[in-house]
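So for the sequence shown, the numbering used here puts the first residue at 169; every next one is plus one. Just so you know, even glycine gets a beta-carbon here, dropped at the ideal spot from N, CA and C. These figures come from a predicted structure and were not determined experimentally.
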Amino acid sequence: MTTALPRLDRRRFVADVIGRLPEDVLIVTGLGSPSYDVFAAGDRPGTFYLWGAMGAAAPLALGLALARPDRPVVAITGDGEHLMGIGALATIGALLPPNLTVVVLDNAHFGETGMQPSHTGLGTDLVAVARGFGIRDAMRITDLGRTDDLATRIKARAATTYAQVLITADEPPRALPPRDGVANKNSFRAALGLSTF
């Protein structure tokens with residue numbers, strides 16, 4: 169169980185990591201709190217906010233990393249959303265795109281549905297799961313001092329990286345990105361240098 173380990177302020181952690189990344193980093197957010205935290209850190213054109221596709225952050229980021237090996241790609245998601253699509257780690261572990269990083273903000277709860285305990289609060293070890301799927305660069309972060317190390321790994325694009333970040337289960341004020349799916353898509357396509365429609 170990881171509940172006895174120190175837990176970080178999620179919004180501060182996300183802001184610290186994103187603040188160390190260059191503008192060319194592409195970010196895919198999981199639904200709910202990770203989207204709010206990334207948006208609160210400052211809206212960037214290379215961010216794709218997922219609003220209701222539970223379990224889709226990691227596989228979407230995988231496809232993006234494979235399509236754009238020239239850009240670092242980061243999925244920032246929560247433990248509940250990630251657990252819904254945990255099988256995507258098998259494909260990530262088989263392909264291992266070096267420009268992909270999966271960051272799981274783990275508060276050991278399903279924050280969007282009523283704060284029920286998630287599997288990580290009941291004993292599931294996400295780092296062991298990631299390593300079991302073949303992702304060797306998998307770590308658990310419980311110290312804000314690790315943000316620089318994580319940002320360095322993201323920028324290096326040297327190996328698929330997996331970071332389980334233990335966060336507190338608090339609920340800071342929501343910072344809502346736009347819910348206009350077409351505008352979000354067009355903004356993201358423009359950041360990729362693609363036409364919009």
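Rounded to whole angstroms, N352 and L218 show a C-alpha spacing of 9 angstroms.
According to the DSSP assignment, G246 belongs to the beta strand (DSSP E) that extends over 241 to 246. Beta-bridge partners assigned by DSSP to A331: V271, M307. Just measuring C-alpha positions, the residue of R357, L318, D338, R347 sitting nearest G187 is L318. Under the DSSP assignment, T215 falls in the beta strand (DSSP E) whose first and last residues are 215 to 217.
Of the residues assessed, T328 falls on the buried side of the cut-off, its CB having 16 or more other CB atoms within 10 angstroms. Within the DSSP bridge table, the entry for I195 names T215, V242 as partners. L176 carries a strand assignment under DSSP once its states are collapsed to helix, strand and coil. Closest by C-alpha distance to P213, out of P340, V350, P202, E191, is E191. In this structure, A221 keeps its C-beta atom at 8 angstroms or more from the C-beta atom of A256. Under the DSSP assignment, I254 falls outside any alpha helix (DSSP H); it carries neither an H nor an E label.
Between V271 and A243, the gap from beta carbon to beta carbon is short of 8 angstroms. Taking C-beta atoms as the reference points, T320 and L176 fail to come closer than 8 angstroms.
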